[in-house]
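Okay, so the sequence shown: first residue is 49 according to my numbering, each after it adds one. From the three backbone atoms N, C-alpha and C, an ideal C-beta is built for every residue, glycine too. As the structure is a prediction and not an experimental result, all values here were calculated from the model. Contents: one structure, followed by commentary.
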Amino acid sequence: MHLFEPFTLKSVTLRNRIAMSPMCMYSAEDGVASDWHLAHYGARAAGGVGLVVVEATGVVPEGRITPGDLGLWSDQHVEPLARINRLVKSQGAVPGIQLAHAGRKASAALPTQGGGHLADNAGGWTTVAPSAIPFGDALTKVPHELTVAEIAGVHAAFAAAAKRALAAGFEWVELHGAHGYLTHQFLSPISNRRTDQYGGSFENRIRFFVELTRAVRAVWPDHLPFTARLSCTDWMEGGWTIEESVELARKLKTEGLDLLDCSSGGTSTTAARIPVGAGYQVPFAERVRREAGLATAAVGLITDPMQADQIVRNGQADVVMLARELLRDPYWPLRAARALHVKPQVTPPPQYLRAW
Ligand code: XEN
């Protein structure tokens with residue numbers, strides 16, 4: 049196995065194991081994708097990735113991190129995304145999307161405007177979470193504690209968004225279960241202090257994620273890849289752990305999940321001790337893959353072609369997700385193919401052949 053070997057998951061085959069990681073562009077109005085998004089995703093598809101995963105997309109307006117997030121809570125969001133997907137497919141990549149709810153980290157200003165919570169009378173809204181505990185720092189809002197009926201409403205919103213994603217032509221879906229957003233807020237004992245069936249024991253804290261998986265699985269076709277992103281550790285004393293992540297991965301596999309995208313952190317910006325460095329999250333992808341027998345994606349400070357190739361060759365992950373490195377260079381896959389002397393040659397778009 050190597051970086052440029054095709055990867056088949058369900059009925060979908062990626063031309064290589066390089067994916068554009070879901071990020072956040074904060075450039076939408078009312079959740080609607082614009083020409084910016086078309087250029088942004090189309091360029092990476094033309095640059096040679098096998099998979100483009102569109103950024104965190106809110107399943108309800110109050111689930112957006114900022115007012116600039118993409119959304120899929122209404123039918124008006126479908127066609128602008130479908131336009132992007134037609135371009136992505138025409139360039140040989142598979143279109144995917146990350147469905148998200150930010151919970152207590154929602155209602156924030158754009159990073160360029162400080163990123164703190166927006167007051168309700170300044171473009172913000174009431175946030176929701178498993179427990180009425182604010183995130184802290186500049187995210188000061190005390191979230192509304194979701195009732196059991198409201199939890200069911202969130203699951204239904206994810207399912208409705210997944211149906212719209214399908215209508216928009218996406219062939220790969222990722223549930224956002226990482227980075228301190230709503231699903232992760234239920235997993236972590238630091239953000240979840242509930243005393244009902246959604247809090248306390250491991251079984252109770254994973255219940256939101258398991259039910260979410262079932263709700264989306266029920267509407268997402270069996271033949272298309274069904275995936276999730278997980279923060280595999282909080283990097284905090286008393287927080288969510290890698291051991292729990294492996295256990296959750298085993299459970300989600302039985303619920304029909306096809307791949308876990310292994311990230312970390314996001315429950316606290318001040319209390320977490322994160323050993324940030326090249327490929328620092330790769331061991332999580334490796335452990336989940338080996339111990340849960342589930343396909344994984346590795347993400348986080350992967351920048352070098354040899355490093356990415358080794359991750360696949362060593363069996364640490366099935367797919368390598370690049371984020372900021374692809375922002376620096378949309379043609380990273382072509383450069384990597386040259387650097388790794390891949391045969392048969394990976395070719396640029398025919399319009400650009402003279403340049404390579
Ligand atoms: C590996 C860390 C990635 C952190 N980010 C993840 C995002 C948005 C931007 C930052 C995501 O999953 N949508």
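Euclidean distance between Cα positions of residue i and residue j
| i | j | result |
| --- | --- | --- |
| P273 | D168 | 38 Å |
| C280 | R402 | 44 Å |
| F257 | Q399 | 45 Å |
| G96 | A215 | 25 Å |
| W121 | H192 | 20 Å |
| G172 | T105 | 17 Å |
| A200 | L158 | 29 Å |
| E259 | R337 | 22 Å |
| F250 | E291 | 11 Å |
| H125 | P396 | 31 Å |
| R335 | F183 | 29 Å |
| P331 | Q364 | 7 Å |
| I181 | K189 | 8 Å |
| A141 | A207 | 25 Å |
| W84 | Q245 | 43 Å |
| Q329 | S311 | 6 Å |
| T261 | D185 | 31 Å |
| G228 | D123 | 28 Å |
| V196 | P392 | 55 Å |
| V202 | R376 | 35 Å |
| E198 | P269 | 26 Å |
| T289 | R131 | 40 Å |
Sub-8 Å separation of residue i and residue j beta-carbons
| i | j | result |
| --- | --- | --- |
| L62 | P70 | no |
| I350 | G327 | yes |
| A213 | Q139 | no |
| A156 | L147 | no |
| G98 | F218 | no |
| V136 | L118 | no |
| A356 | L230 | no |
| A67 | V368 | yes |
| A170 | E110 | no |
| L194 | G164 | no |
| G116 | S75 | yes |
| V267 | F52 | no |
| T175 | R152 | yes |
| W404 | L388 | no |
Sequence-distant residues of its chain with Cβ nearer than 7 Å to residue i (five each side left out)
| i | result |
| --- | --- |
| A340 | V294, A297, R298, K301 |
| L380 | Residue 380 is actually Trp in this sequence, not Leu. Closer than 7 Å at the Cβ level, and outside the excluded window around W380, lie G95, L370, E373, L374. |
| I254 | L235, L296, K299 |
| H271 | K58, S59 |
| R386 | none |
| R361 | M49, H50 |
| H224 | A104, Q146, L147, A148, T231, R277 |
| Y89 | V100, V102, I132, V136 |
| N405 | Any property of residue 405 remains undetermined from this structure, which presents the chain solely from 49 to 404. |
| C333 | The question names Cys, yet the displayed sequence has Ala at residue 333. Result list for A333: C310, T344, A345, A346, Q364, A365, in chain order. |
| R265 | F274, E303, G304 |
Residue nearest to residue i in terms of C-alpha spacing, selected from the options
| i | options | result |
| --- | --- | --- |
| L342 | G304, F183, G163 | G304 |
| P178 | A200, K137, F234 | F234 |
| D306 | S75, D366, V142 | D366 |
| H50 | I290, I359, W404, A154 | I359 |
| V80 | E127, P191, V60 | E127 |
| L278 | W268, A371, D309 | D309 |
| G287 | R152, R241, G163 | R241 |
| L129 | A345, Y246, L57, A87 | A87 |
| A346 | R65, A76, T195, G248 | R65 |
| V221 | K211, G228, G348 | K211 |
| A226 | V142, G348, A209 | G348 |
| M73 | T160, N133, D123 | T160 |
| T56 | A333, R131, G162, T344 | T344 |
| I113 | G162, Y89, N133, V100 | G162 |
| P323 | A333, R361, N362, D282 | D282 |
| V100 | N133, D78, L223 | N133 |
Close beta carbons around residue i, own chain, < 8 Å, minus the five adjacent residues each side
| i | result |
| --- | --- |
| M284 | I238, T315, S316, A319, A320, R321 |
| A204 | A263 |
| A91 | P378 |
| N248 | Checking the sequence shown, residue 248 turns out to be Gly, not Asn. Here the set comprises R242. |
| G325 | L349 |
Own chain, CB closer than 6 Å to residue i, minus 5 neighbours either side, in chain order
| i | result |
| --- | --- |
| A412 | As displayed, the chain neither begins before 49 nor continues past 404, which places residue 412 out of reach and without an answer. |
| V108 | W121, A205 |
| A209 | V107, L120, L147 |
The ligand COA heavy atom lying under 7 Å from the CB of residue i
| i | result |
| --- | --- |
| M68 | For the ligand COA, the structure offers nothing, since it holds only the ligand XEN. |
Any chain C beta carbon closer than 8 Å to residue i
| i | result |
| --- | --- |
| G163 | In the structure shown, chain C cannot be found, because there is only a single protein chain. |
Taking a cut-off of 5 Å, which residues have a beta-carbon closer than that to any heavy atom of the ligand XEN, in chain order? P70, M71, C72, A104, S311, V347, G348
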